[in-house]
Amino acid sequence: MIKNVDPRTKLASVICISTLAIIFQNPLILMAVLFAGVFLAKIFGANLLMLIKRIRHILFLFIVIIFIQSLFVKTGTVLIGFENIRILTSEGLIRGIGYLMRILIILISGAILSTCDMRKLIQGLIQMKLPYDIAFMTSLGIKFLPLFVEEIKDTMIAIQLRGIDINQLSLRERLEIVSYLFTPIIAGTLNKSKKLSLSVECRGFRAYDRRTSITKLKMSFTDYLMISSSLLFSVGLIMIDKILV
Amino acid sequence: MNGFIVVETMYLSLNHIPILKNINLSLDRHQFVSVVGPNGSGKTTLGKAITGIIKHNQGHIYLNDKNISLLSLAEIGRTIGYLFQNPEKQIFAPKVIEELSFALKYKKVDQKIIEEKTIEMLHLFDLYHLKDATTFFLSQGEKQRLAIASVLLNEPEYLILDEPTTGLDIKRRKELSQLIDKLKTKTGILSISHDKEFINRHSERIITMKDGCIIDDKKC
Ligand SMILES: Nc1ncnc2c1ncn2[C@@H]1O[C@H](COP(=O)(O)OP(=O)(O)OP(=O)(O)O)[C@@H](O)[C@H]1O
Ligand SMILES: [Mg+2]
């Protein structure tokens, strides 16, 4: 694991692997990208176990989507099917596995980015000449996400504490309960953003065009090395893909 | 074991920071107990641990001789009424009247009884004129009253009130005190408060906390 990696380096490598994940079809090459992603996650210290733990509840959903996707591919040799009806073909299976790997790569990219200190990531964006307003809004958006989760958790607790066992309700009633989650979220978010914009105005946000910052990011030799090897790896894979096709 | 709520050598950490240390406590079914202590001493956390909102790491908490780790939040909620320190945390319905009738509706109580009870509560807490108001726009004190009213509507056997008088004006404080006088005869209450007058008026026992420990526990 390498410490103190510049957030821009992480951003660059994540952009590389997620772009590769989208442009490639060949499952073998996708596999290579996936391994590269796992390797990057390791050296950037992303917690993949945590990621698996978090997504295990929706994992079956992915599998179902992949299975359905592969059902629509009719070319290739038939693996499952009766007489004239082709249910699953070899091509479909390969396509499905490809989708799975893509999803995994995107999730790993997310895990890598989540190791960045958000303040530093935003600083990185600003130093890449992104307008401050946009960077500021992005950072606010990121800060609001955990608040959503918090709000939902609190509401669920409040509902249950009224003596209501969600598991014992009928499906219709459960959906009704879900609708109750919206009021606090919408109200809470509106409220917070109103207060926030006031407080930001009061402190003179955008009063001057030029901004200075305490945190200044500086790329080290390792950063340049990692960015260039990510790029080289990407170009290399694209060439290999061209040759295989 | 005696005592309605019993806490035995309980430790609790949040994000690996120890917050509550070696808590031993036994609360009676009919007693008004106050918890006092400086900001950040762990009062709210103690209340949440007893209600099962936050899981404790070590020790045991028993509610009516049942280990709360084995009870669901709903089961605990049927016995304990918990008032959040911030009323916004527990108000989730868009309309005042819906907030009050929410639990009764899902417990399949008869519509007529629901109406009777809600209207009674609305009058009791001076909220009748606001019954169709949007909860989002209520003032802080109105939210506080609505939160207390919705907790009481559930008729819990025990109440944990986290700063019940905060945000209430003098008149409403007095009214709440009078209501608590009535409630005290049949309900046990654990009240977390910084309000000297309120504490002195009601407390039969005062627990003092500091840095996550109980440093004093005396009868009045
Ligand atoms: N999620 C958390 N992670 C880490 N520390 C926390 C968390 N929640 C609370 N704390 C800390 O736990 C301590 C006790 O908090 P608690 O809310 O119980 O205090 P309190 O006695 O109710 O204070 P107050 O009088 O201000 O309401 C505080 O120091 C607080 O910073
Ligand atoms: Mg508190």
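Here the protein sequences line up with chains A and B, keeping their order. Residue numbering for the first sequence follows the working numbering, beginning at 7 and increasing consecutively. Residue numbering for the second sequence follows the working numbering, beginning at 2 and increasing consecutively. Idealized CB from N, CA, C, for every residue including glycine. Treat the numbers as computed from the prediction; the structure is a model and nothing was measured.
DSSP on Asp160(A), reduced to helix/strand/coil? Looking up residue 160(A) in the first sequence gives position 154. Reduced to three states, the DSSP call for Asp160(A) is helix.
Please classify Arg168(A): is it buried, with 16 or more other beta-carbons within 10 angstroms of its beta-carbon, or exposed? Mapped onto the first sequence, residue 168(A) falls at position 162. When all chains shown are included, Arg168(A) counts as buried.
Closer than 7 Å: residues whose CB approaches a heavy atom of ligand 2: Lys44(B), Thr45(B), Gln86(B), Asp163(B), Glu164(B) and Ile193(B)
Mark Cys221(B) as exposed unless 16 or more other C-beta atoms lie within 10 angstroms of its C-beta, in which case mark it buried. Here residue 221(B) corresponds to residue number 220 of the second sequence, with the count starting at 1. Per the 10 Å Cβ criterion, exposed.
Mapping DSSP to helix, strand and coil, what is Thr135(B)? Within the second sequence, residue 135(B) is the residue found at index 134, counting from 1. Reduced to three states, the DSSP call for Thr135(B) is strand.
Arg168(A) versus chain B: which residues are under 7 Å apart at the beta carbon? Along the first sequence, read from residue 1 onward, the residue named residue 168(A) stands at position 162. Gly78, Phe103, Ala104 and Asn155, listed in chain order.
Residue range of the unbroken alpha helix (DSSP H) whose run includes Asn197(A): Taking the first sequence and counting its residues from 1, one reaches residue 197(A) at position 191. Its alpha helix (DSSP H) spans residues Leu177 to Cys208.
Using beta carbons (cut-off 9 Å, strictly below), is Ala164(A) in contact with chain B? The residue you call residue 164(A) lines up with position 158 of the first sequence. With 9 Å as the cut-off, Ala164(A) counts as an interface residue toward chain B.
Beta carbon of Leu154(B) nearer than 9 Å to that of Ala94(B): By one-based count along the second sequence, residue 154(B) stands at place 153. By one-based count along the second sequence, residue 94(B) stands at place 93. Cβ distance not < 9 Å, so Leu154(B) and Ala94(B) don't count as in contact.
Could you pull the start and end residues of the alpha helix (DSSP H) that Glu9(B) belongs to? Counting from 1 along the second sequence, the entry for residue 9(B) is found at position 8. Counting along the chain, Glu9(B) falls outside any alpha helix (DSSP H), though it belongs to the beta strand (DSSP E) covering Ile6 to Leu15.
Can you confirm whether Ile103(A), when its beta carbon is compared against all beta carbons of chain C, has any partner nearer than 9 Å? Protein chains A and B are contained in the structure displayed, whereas chain C is not.
Need the endpoints of the beta strand (DSSP E) that Cys214(B) sits in, please. Indexing the second sequence from 1 puts residue 214(B) at position 213. Per DSSP, Cys214(B) belongs to the beta strand (DSSP E) from Cys214 to Lys220.
C-beta contact flag for Ile6(B) and Ile51(B) at 9 Å: As a first step, residue 6(B) must be located in the second sequence, where it is residue number 5. As a first step, residue 51(B) must be located in the second sequence, where it is residue number 50. Contact: yes.
Does the Cβ-Cβ distance between Val238(B) and Met210(B) come in under 9 Å? Absent from the model: residue 238(B). The displayed extent of chain B is 2 to 221, so no value can be given.
Since Val70(A) is in the alpha helix (DSSP H), which residue starts that stretch and which ends it? Taking the first residue of the first sequence as position 1, residue 70(A) is located at position 64. Here the alpha helix (DSSP H) through Val70(A) covers Leu65 to Leu77.
Proximity test, Ile24(B) beta-carbon vs ligand 1 heavy atom, cut-off 8 Å: Residue numbering aside, residue 24(B) sits at position 23 when the second sequence is read from its first letter. Incorrect: Ile24(B) has no Cβ contact closer than 8 Å to ligand 1.
Is Gly41(B) near ligand 1, in the sense that its beta carbon is under 8 Å from a heavy atom of that ligand? Position 40 of the second sequence, counted from the start, is the residue given in the question as residue 41(B). Yes; taking the cut-off as 8 Å, the Cβ of Gly41(B) has a heavy atom of ligand 1 nearer than that.
To the nearest angstrom, how far is the alpha carbon of Ser176(A) from that of Glu182(A)? As a position in the first sequence, residue 176(A) is number 170, starting the count at 1. As a position in the first sequence, residue 182(A) is number 176, starting the count at 1. Those two C-alpha atoms are separated by around 10 Å.
Proximity winner among Gly4(B), Met11(B), Leu15(B) and Pro19(B), relative to Asp212(B) (alpha-carbon distances): Counting from 1 along the second sequence, the entry for residue 212(B) is found at position 211. Taking only the C-alpha atoms, the option nearest Asp212(B) is Pro19(B).
Any chain A beta carbon closer than 9 Å to Leu74(B): As a working mapping, residue 74(B) is identified with position 73 in the second sequence. Yes, Leu74(B) lies at the interface with chain A (some Cβ there is under 9 Å from its Cβ).
Any Cβ of chain B within less than 9 Å of the Cβ of Leu187(A)? Translated into the one-based positions of the first sequence, residue 187(A) becomes position 181. So, interface residue.
In chain order, what residues of the same chain have a beta carbon less than 7 Å from the beta carbon of Ala42(A), not counting five sequence neighbours either side? Taking the first sequence and counting its residues from 1, the one referred to as residue 42(A) is at position 36. Closer than 7 Å at the Cβ level, and outside the excluded window around Ala42(A), lie Ile23 and Phe239.
Any heavy atom of ligand 1 within a distance shorter than 8 Å of the CB on Gly213(B)? Numbered from 1 along the second sequence, position 212 holds the residue referred to as residue 213(B). Under cutoff, so the answer is yes.
Anything in the region 150 to 182 of chain B with a Cβ closer than 7 Å to a Cβ of chain A? List those residues in chain order, please. Asn155
Determine, using beta carbons only, whether Phe137(B) comes closer than 9 Å to chain A. Translated into the one-based positions of the second sequence, residue 137(B) becomes position 136. By this cut-off, Phe137(B) is an interface position.
Taking all protein chains shown into account, decide if Glu89(A) is buried (16 or more other Cβ within 10 angstroms of its Cβ) or exposed. By 1-based counting over the first sequence, the position of residue 89(A) is 83. Looking at its Cβ environment, which holds fewer than 16 other Cβ atoms inside 10 Å, Glu89(A) is exposed.
Can you pull the chain A residues whose beta carbon is under 8 Å from the beta carbon of Thr52(B), in chain order? Working through the second sequence from its first residue, we reach residue 52(B) at position 51. Per Cβ cutoff of 8 Å: Leu167.
Is it the case that the CB of Asn16(B) approaches a heavy atom of ligand 4 more closely than 8 Å? Of the ligands one can find in the structure shown, namely ligand 1 and ligand 2, none is ligand 4.
Which residue wins for smallest C-alpha separation from Lys96(B), given the options Leu139(B), Lys175(B) and Leu72(B)? Residue 96(B) sits at position 95 when you count from the first residue of the second sequence. Selected option, being the one with the closest Cα: Leu139(B).
Taking 9 Å as the cut-off, decide whether the C-beta atoms of Leu153(A) and Thr195(A) are in contact. As a working mapping, residue 153(A) is identified with position 147 in the first sequence. As a working mapping, residue 195(A) is identified with position 189 in the first sequence. In contact: Leu153(A) and Thr195(A) (Cβ atoms closer than 9 Å).
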